[in-house]
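Asks: Quick one: this structure, given as structure tokens, is what I'll be asking you about.
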Amino acid sequence: MANIELIKALSNAYGVSGFEDEVIEILKSEIKGYVDSFEVDGLKNLIAIKNLDSPKPKVMLNAHMDEVGLLVKGFTNDGFVKFTKVGGIDDRVLLGKRVVIGKNKVKGIVAVKPIHLQEANERKTVESAKDMVIDVGAKSKEEVQKIVNIGDFVGFDVSFESLSDDTYIGKAFDDRLGCALVSEIIKEKFNFPLIGLFSSQEEVGLLGATVGAFKYTPDISITLEGTISADFPDVSEHEKCTTLGNGPVITIKDNSVITDHKLREKLVKIAERLKIPYQFKQVFVGGTDSSRIQLTKSGVKVLVVAVPVRYIHSPVSLFKLSDYENTKKLIIEFLRSL
Amino acid sequence: MEESLIKALSESFAPTGNEKSIYPIIEKELKGYVDDVRIHDKSNSIVAFKKGSGKCTLMLEAHVDEVFMVVSSIEKNGFVKINARSIDSKILPGSKVIIHGKRKIKGVIGIKPYHLVKSGEENSAFSFDRLFVDTGLLETEVKELVSVGDYVTFEPQFDKVGNYYIGKSIDNRLGVYALIETLKSLKNIKHQVNVYALFSSQEEFTGLGTITSTYSIFPDVAIAVDATFATQYRVSSDDGFELGKGPVIFFGISVNRELTNRLASIADKYGIPYGKEVSVLSSTNADKISLVRSSIPTALVSIPIRYMHTPVEMFDPFDVDKTVQLLKLFIEEFEPLGDQNGEY
Chain V
1 MANIELIKAL SNAYGVSGFE DEVIEILKSE IKGYVDSFEV DGLKNLIAIK
51 NLDSPKPKVM LNAHMDEVGL LVKGFTNDGF VKFTKVGGID DRVLLGKRVV
101 IGKNKVKGIV AVKPIHLQEA NERKTVESAK DMVIDVGAKS KEEVQKIVNI
151 GDFVGFDVSF ESLSDDTYIG KAFDDRLGCA LVSEIIKEKF NFPLIGLFSS
201 QEEVGLLGAT VGAFKYTPDI SITLEGTISA DFPDVSEHEK CTTLGNGPVI
251 TIKDNSVITD HKLREKLVKI AERLKIPYQF KQVFVGGTDS SRIQLTKSGV
301 KVLVVAVPVR YIHSPVSLFK LSDYENTKKL IIEFLRSL
Chain F
1001 MEESLIKALS ESFAPTGNEK SIYPIIEKEL KGYVDDVRIH DKSNSIVAFK
1051 KGSGKCTLML EAHVDEVFMV VSSIEKNGFV KINARSIDSK ILPGSKVIIH
1101 GKRKIKGVIG IKPYHLVKSG EENSAFSFDR LFVDTGLLET EVKELVSVGD
1151 YVTFEPQFDK VGNYYIGKSI DNRLGVYALI ETLKSLKNIK HQVNVYALFS
1201 SQEEFTGLGT ITSTYSIFPD VAIAVDATFA TQYRVSSDDG FELGKGPVIF
1251 FGISVNRELT NRLASIADKY GIPYGKEVSV LSSTNADKIS LVRSSIPTAL
1301 VSIPIRYMHT PVEMFDPFDV DKTVQLLKLF IEEFEPLGDQ NGEY
């Protein structure tokens, strides 16, 4: 059974790229005692290792800890907070949203002009994020500067919750679902060397993973993701990518990587043999850490498997637990077959 | 300010035309403080009465209803399309809503991921015809629980942000709150004027509650309490009033100037800060009350809020407290106007 409490804690934790500390602490206490050791490198990658003295081929499980968010860049004279985006957030999910700022979780909202006062042309457009502000309820620039600092992260103020038995909503399922999967799977018993790479700064250019596989370089690496599902209205058929409820998403190619054909065929055979539903990612968009891990030293064979998630990079992303369970089962069976 | 009361009022649901679920809160609060509370049957508004020692009657008015969306269709795979008159579709992507079907159903309004957004597309707003609610339920379950025409409201989440508070339906639960607290404050003071408090339905649509209930109450004078725009990012003092500077008294054409001046003179006398709003019409129920029967002399007091008609309407509790103080003092010192309505 999936560890819902772990997924909840990971989803609610703040880890905007470069600020992954809360996530690191949750993962450390989760896997402590189940791995031989772990370390945090200079880019804040959390690396856990297990059975490293075994002569068998080394396997890496990878998930990124960071999430998209905002970064405080200044203040207006009347006491509002200016910000810049960290990672791929659509300007249109920001207006009127609740946020928290920095370690002290100062509450704020992204200001929006009331509909009554908008001119006809304003109603049809959304301003750029650079022209938006956050209102933290301060009365002056002096007051806001006492509670918010330039360079503070900004995250969505939203809580993990269930919509139905099988459906959950929250922020940062991309890629805390991957983090939860790696934590759960790494606790299982395997007889080969296993490296867990919880990477940092994926959303700002796959930075953590660029160096994360250097010290403990695997022969095979599986990146576990929460990936795009666009199986909803307003998206044309050929752009729907994946379908919620249809099981783990196996990437053949995305915008950053072509996965190893032989390993992928093996993965698919296992899914079919065990009747685990699976689907291929249908659109070549998005990039993953696997593309950087693949380029480490003389090369690493990589796979990418993901839980389909609707509305990623928004405060209300949504996934089905059955997809998570099936992804976990497929990866464990695959690892056992090695 | 009684934070728990304004929170309860903000977090209750009273979409225009279906306001009754908020009435038990009002009735409970007023118990022991007023002489009568009754439902105005034809408009489904609620009216409280506190007797004074004299003959003249004052009606305080605040609308209880909130802006809302409705289900316009149920699509393949159970996605629920919605529509609304006075809610900005731009604030909806990434938010949570409640569908008031056979039971309350929570859902989210998502948009396609950034990876699929084409260049130039990001800053064109989503209109209602492209948005939908995802409940995580199967199409068959959605069809069992939800019908076209069902109300959809913002998810309630009252909260404190810095010096201020935020929540849904602050427009016009602040007015409702002000009326309740004003009535409560009368318990230990002597007042001549008889006071009605009308908590009216359907302001966000036709003003049904106020128009018909005012006819029935037939007060000599009336004061409406509603929300107005506060200054905020992209709203200057041309259109808004600074938070924390007290209530706003309307000095426009559609209200009674003598009554308005009296209200302002009470504020002046007791040092209650207030802003002056000037326009032809107020676009509130005050305009409508003024046109009931052969005209009810009416004044308007507004409380400034930021981000009107969003789930994060923001206000300063100081402005609310000062509004209550102003209304209480006005009642305490009330003297009849020259021309009077009513049978007495």
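Order-wise, the sequence lines are chains V and F. Counted the way the working numbering counts, the first sequence spans residues 1 to 338. Counted the way the working numbering counts, the second sequence spans residues 1001 to 1344. All residues carry an ideal CB built from backbone N, CA and C; glycine is no exception.
Output needed for residue 1171 of chain F: all residues of its chain with C-beta closer than 8 Å, excluding positions within five of it in sequence on either side, in chain order.
Replies: As a position in the second sequence, residue 1171 of chain F is number 171, starting the count at 1. Closer than 8 Å at Cβ, skipping near neighbours: 1066, 1067, 1226, 1227, 1305, 1308, 1309 and 1313.
Asks: Any residues in the segment 164-191 of chain V with a beta carbon nearer than 7 Å to a beta carbon of chain F? Which ones, in chain order?
Replies: 164, 167 and 169
Asks: Does the beta carbon of residue 1015 of chain F sit closer than 7 Å to a beta carbon anywhere in chain V?
Replies: Walking along the second sequence from the start, residue 1015 of chain F turns up at place 15. No, because no Cβ of chain V sits closer than 7 Å to the Cβ of residue 1015 of chain F.
Asks: Could you check if residue 120 of chain V is buried or exposed, using at least 16 other CB atoms within 10 Å of its CB as the buried criterion?
Replies: Position 120 of the first sequence, counted from the start, is the residue given in the question as residue 120 of chain V. Residue 120 of chain V comes out exposed.
Asks: Specify, as a first and last residue, the run of the alpha helix (DSSP H) that residue 1318 of chain F falls within.
Replies: Along the second sequence, read from residue 1 onward, the residue named residue 1318 of chain F stands at position 318. Per DSSP, residue 1318 of chain F belongs to the alpha helix (DSSP H) from 1317-1332.
Asks: Whole angstroms is fine: what's the gap from residue 138 of chain V's alpha carbon to residue 1108 of chain F's?
Replies: One-based indexing of the first sequence puts residue 138 of chain V at position 138. One-based indexing of the second sequence puts residue 1108 of chain F at position 108. Rounded to the nearest angstrom, the two C-alpha atoms are 30 Å apart.
Asks: With a cut-off of 7 Å, does the C-beta of residue 1326 of chain F fall near any C-beta of chain V?
Replies: If you number the second sequence from 1, residue 1326 of chain F lands on position 326. Not an interface residue.
Asks: Please report the straight-line C-alpha distance between residue 184 of chain V and residue 233 of chain V, rounded to a whole angstrom.
Replies: The residue labelled residue 184 of chain V in the question sits at position 184 within the first sequence. The residue labelled residue 233 of chain V in the question sits at position 233 within the first sequence. Inter-residue distance for residue 184 of chain V and residue 233 of chain V is about 34 Å (C-alpha atoms, whole angstroms).
Asks: Keeping to the same chain, check which residues put their C-beta closer than 7 Å to that of residue 94 of chain V; ignore five residues upstream and five downstream.
Replies: For this step, residue 94 of chain V is matched to residue 94 along the first sequence. These residues qualify, in order along the chain: 110, 129 and 132.
Asks: When DSSP labels each residue in this structure, what does residue 1343 of chain F get in the three-state scheme?
Replies: The residue you call residue 1343 of chain F lines up with position 343 of the second sequence. Note on residue 1343 of chain F: pLDDT 48, under 50, position unreliable in the model; no value is reported.
Asks: Can you grab the Cα-Cα spacing for the pair residue 1344 of chain F / residue 1268 of chain F, in whole Å?
Replies: Residue mapping note: residue 1344 of chain F aligns to position 344 of the second sequence, counting from 1. Residue mapping note: residue 1268 of chain F aligns to position 268 of the second sequence, counting from 1. At residue 1344 of chain F, the pLDDT of 43 sits below 50, so the modelled position is not reliable and the matter cannot be decided from this model.
Asks: Determine, using beta carbons only, whether residue 1040 of chain F comes closer than 7 Å to chain V.
Replies: Working through the second sequence from its first residue, we reach residue 1040 of chain F at position 40. Chain V contact via Cβ: absent.
Asks: Do you know how far the Cα of residue 68 of chain V is from the Cα of residue 149 of chain V?
Replies: The residue given as residue 149 of chain V occupies position 149 in the first sequence. The residue given as residue 68 of chain V occupies position 68 in the first sequence. Approximately 19 Å, taken between the alpha carbons.
Asks: Taking only heavy atoms of the ligand NAP into account, decide whether any of them is closer than 6 Å to the Cβ of residue 141 of chain V.
Replies: Annotation note on the ligand NAP: not contained in the displayed structure, which lists no ligands.
Asks: At the level of alpha carbons, what is the spacing between residue 152 of chain V and residue 276 of chain V?
Replies: Translated into positions along the first sequence, residue 152 of chain V becomes position 152. Translated into positions along the first sequence, residue 276 of chain V becomes position 276. Cα-Cα distance, rounded: 43 Å.
Asks: For residue 1248 of chain F, collect the residues of the same chain with a Cβ closer than 8 Å to its Cβ; drop the 5 residues on either side in sequence, then sort them by chain order.
Replies: To locate residue 1248 of chain F, count along the second sequence from 1; it is residue 248. Taken in chain order, the residues that qualify are 1228, 1241, 1274, 1275, 1276, 1277, 1301, 1302, 1303 and 1304.
Asks: Which of the three DSSP states, helix, strand or coil, is assigned to residue 292 of chain V?
Replies: Taking the first sequence and counting its residues from 1, the one referred to as residue 292 of chain V is at position 292. Reduced to three states, the DSSP call for residue 292 of chain V is helix.
Asks: Under 7 Å between C-beta atoms, does residue 206 of chain V make it to chain F?
Replies: In the first sequence, residue 206 of chain V corresponds to position 206, counting from 1. Output row for residue 206 of chain V: interface = no.
Asks: Could you pull the DSSP bridge partners for residue 1304 of chain F from this structure?
Replies: Residue numbering aside, residue 1304 of chain F sits at position 304 when the second sequence is read from its first letter. DSSP lists F/1228 as partners of residue 1304 of chain F.
Asks: Checking 7 Å against the spacing of the C-beta atoms, do residue 1050 of chain F and residue 1186 of chain F come in under that value?
Replies: By 1-based counting over the second sequence, the position of residue 1050 of chain F is 50. By 1-based counting over the second sequence, the position of residue 1186 of chain F is 186. Going by C-beta atoms, residue 1050 of chain F is nearer than 7 Å to residue 1186 of chain F.
Asks: Pull up the DSSP beta-bridge partners for residue 1134 of chain F, would you.
Replies: For the purposes of this step, residue 1134 of chain F is identified with residue 134 of the second sequence, where counting begins at 1. Answer by DSSP bridge pairing, in chain order: F/1108.
Asks: Cβ of residue 225 of chain V less than 7 Å from any chain F Cβ?
Replies: By one-based count along the first sequence, residue 225 of chain V stands at place 225. Not closer than 7 Å to any Cβ of chain F, the Cβ of residue 225 of chain V fails to qualify, so no.
Asks: Give the residues of chain V in contact with residue 1132 of chain F, contact being defined as C-beta atoms less than 9 Å apart.
Replies: If you number the second sequence from 1, residue 1132 of chain F lands on position 132. Chain V residues near residue 1132 of chain F: 232, 233 and 234.
Asks: If you run the structure through DSSP and keep just helix, strand and coil, what is residue 155 of chain V?
Replies: For the purposes of this step, residue 155 of chain V is identified with residue 155 of the first sequence, where counting begins at 1. If DSSP states are grouped into helix, strand and coil, residue 155 of chain V belongs with the strands.
Asks: What's the C-alpha gap between residue 241 of chain V and residue 229 of chain V?
Replies: In the first sequence, the residue the question calls residue 241 of chain V occupies position 241. In the first sequence, the residue the question calls residue 229 of chain V occupies position 229. One C-alpha to the other measures close to 6 Å.
Asks: Please work out which residues of its chain come closer than 7 Å, Cβ to Cβ, to residue 85 of chain V, disregarding the five sequence neighbours upstream and downstream, and give them in chain order.
Replies: Taking the first residue of the first sequence as position 1, residue 85 of chain V is located at position 85. Closer than 7 Å at the Cβ level, and outside the excluded window around residue 85 of chain V, lie 70 and 129.
Asks: Listing by chain order, which chain F residues have their CB less than 9 Å from the CB of residue 128 of chain V?
Replies: One-based indexing of the first sequence puts residue 128 of chain V at position 128. Correct list: 1122 and 1123.
Asks: Identify the continuous alpha helix (DSSP H) that holds residue 1010 of chain F and give its terminal residues.
Replies: The sequence position of residue 1010 of chain F within the second sequence is 10, counting from 1. Residues 1003-1011.
Asks: Can you tell me which of F/1038, F/1150, F/1326 and F/1180 puts its alpha carbon nearest to the alpha carbon of residue 1009 of chain F?
Replies: The count along the second sequence starts at 1 and reaches residue 1009 of chain F at position 9. Among F/1038, F/1150, F/1326 and F/1180, the Cα nearest to that of residue 1009 of chain F belongs to F/1180.
Asks: Do residue 319 of chain V and residue 304 of chain V count as a contact pair if the criterion is CB distance below 7 Å?
Replies: To locate residue 304 of chain V, count along the first sequence from 1; it is residue 304. To locate residue 319 of chain V, count along the first sequence from 1; it is residue 319. No, the Cβ-Cβ distance between residue 304 of chain V and residue 319 of chain V is not below 7 Å.
Asks: How big is the Cα-Cα spacing for residue 1092 of chain F and residue 216 of chain V?
Replies: Indexing the second sequence from 1 puts residue 1092 of chain F at position 92. Indexing the first sequence from 1 puts residue 216 of chain V at position 216. Residue 1092 of chain F and residue 216 of chain V: Cα-Cα distance of roughly 45 Å.
Asks: Less than 7 Å between the C-beta atoms of residue 1061 of chain F and residue 1260 of chain F, yes or no?
Replies: Translated into the one-based positions of the second sequence, residue 1061 of chain F becomes position 61. Translated into the one-based positions of the second sequence, residue 1260 of chain F becomes position 260. Not in contact: residue 1061 of chain F and residue 1260 of chain F (Cβ atoms no closer than 7 Å).
Asks: How far does the beta strand (DSSP E) with residue 1243 of chain F in it reach, from first residue to last?
Replies: The count along the second sequence starts at 1 and reaches residue 1243 of chain F at position 243. No beta strand (DSSP E) holds residue 1243 of chain F; DSSP gives it neither H nor E.
Asks: Can you name the residues of chain F whose CB is closer than 7 Å to the CB of residue 308 of chain V?
Replies: Taking the first residue of the first sequence as 1, we reach residue 308 of chain V at position 308. Within 7 Å Cβ-Cβ: nothing; residue 308 of chain V doesn't reach chain F, min ~11 Å.
Asks: Taking only beta-carbon positions, decide if residue 311 of chain V is within less than 7 Å of chain F.
Replies: One-based indexing of the first sequence puts residue 311 of chain V at position 311. Output row for residue 311 of chain V: interface = yes.
Asks: What does residue 308 of chain V pair with, by DSSP beta-bridge criteria?
Replies: What you label residue 308 of chain V is simply residue 308 of the first sequence in a count that begins at 1. Paired residue(s): V/227.
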